[in-house]
Amino acid sequence: MEVILADDYGFCYGVKRAIKTAKDNKDLSKKVCTLGPIIHNPQMVKALADEGIGIVESVDEMENGKIIIRSHGVGPSIYDAIKAKGLELADATCPHVKKAQMSAKTLADEGFKVIIIGEKNHPEVKSIKEWAGKNSLVIGSQEEAENIDFISKLGIVAQTTFSAKAFSEIVNILLTKSYDIRILRTICTATDKRQSAAIKLSKEVDMMIVVGGRNSANTTRLAQLCTEHCVTHHIETVDELHDDWFNNIKKIGITAGASTPDWIIKEVYEKCKTWQAY
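Numbering (our numbering), first residue to last: 182 to 459.
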């Protein structure tokens, strides 16, 4: 049995930066918490908690100490709330997310109605929407794009981890909805590379193992893309592998989401290599 790792997988620059920011701001003399999970990986979040970096879901939960903005970013109202409470601030927003936020704000300031292509309930998308203003819209499908009324000035941005293929399909529909359109393609290049590598590998193997948090949008998307080409299993840890998955399998491909720690990927890779007898 052959086990192959995708050409691009695992921690991206933004996630590495967020984890480093969190660890650099660890301070056992005061309360230090991230506002929501620093990244969408339960195992990494637990590891940080073990080091003394907790989580709060609201600024109201912090009376003093330091609050860390997670990689997904927040809207301007959160920065205002942190300042108003006199809390210390460490900003771990991914630079690509920050770019998407500022792109949305620029479009809104120039009079464009901003459409954010992404998942409505994803924290990154919520943050971009706040920067884009109350008049902005979030859509995530071709069907939703078809239902958009004509817009005189239309600005488009994207969730940084959105599928490049799906983005293009939705944009092609939106092009018919306005005569004045500005498209700022804010999908992260690392996302593009990871998705392309996963698709390429999924066409060459009998089964794909996609490793990462189930609450991770980019990991879930990798699994969806791989499913189009071969049997695919999305797991969080090595303990979720099942013996019967490996029956009659000759080639296994492995990829991982942007928030998946190296140690988890290594455990899965090593375990898959032990199934030589199947």
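No residue lacks a Cβ here, since even glycine has one placed at the ideal position from N, Cα and C.
- Judged by beta-carbon spacing, Leu382 lies within the 8 Å limit of Thr436, meaning their Cβ atoms are closer than that value.
- DSSP, read as helix, strand or coil, puts Met243 in coil.
- Following the DSSP letters along the chain, one finds Cys214 inside the beta strand (DSSP E) bounded by residues Val213 to Leu216.
- Approximately 5 Å separates the beta-carbon atoms of Val338 and Thr367; this is inside 8 Å, confirming the contact.
- Of Asp241, Gly246 and Cys214, the smallest CA-CA separation from Glu232 is found for Cys214.
- Here the alpha carbons of Ile298 and Phe348 stand approximately 7 Å from one another.
- Three or more beta-carbon pairs separated by less than 8 Å are not found between the segment 314-325 and the segment 407-422, which leaves the two stretches without contact.
- Beta-bridge partners of Ile185 (DSSP): Gly434.
- Here Val392 carries a strand assignment [DSSP, helix/strand/coil].
- When the Cα atoms are used, Lys431 and Asp188 turn out to be separated by approximately 19 Å.
- Distance check between Ile220 and each of Lys307, Lys247, His415 and His253 places His253 closest, using alpha-carbon atoms only.
- Asp272 carries a strand assignment under DSSP once its states are collapsed to helix, strand and coil.
- Between the C-alpha atoms of Lys280 and Ser308 there is a straight-line separation of about 12 Å.
- When secondary structure is reduced to three states using DSSP, Gly195 falls in the helix class.
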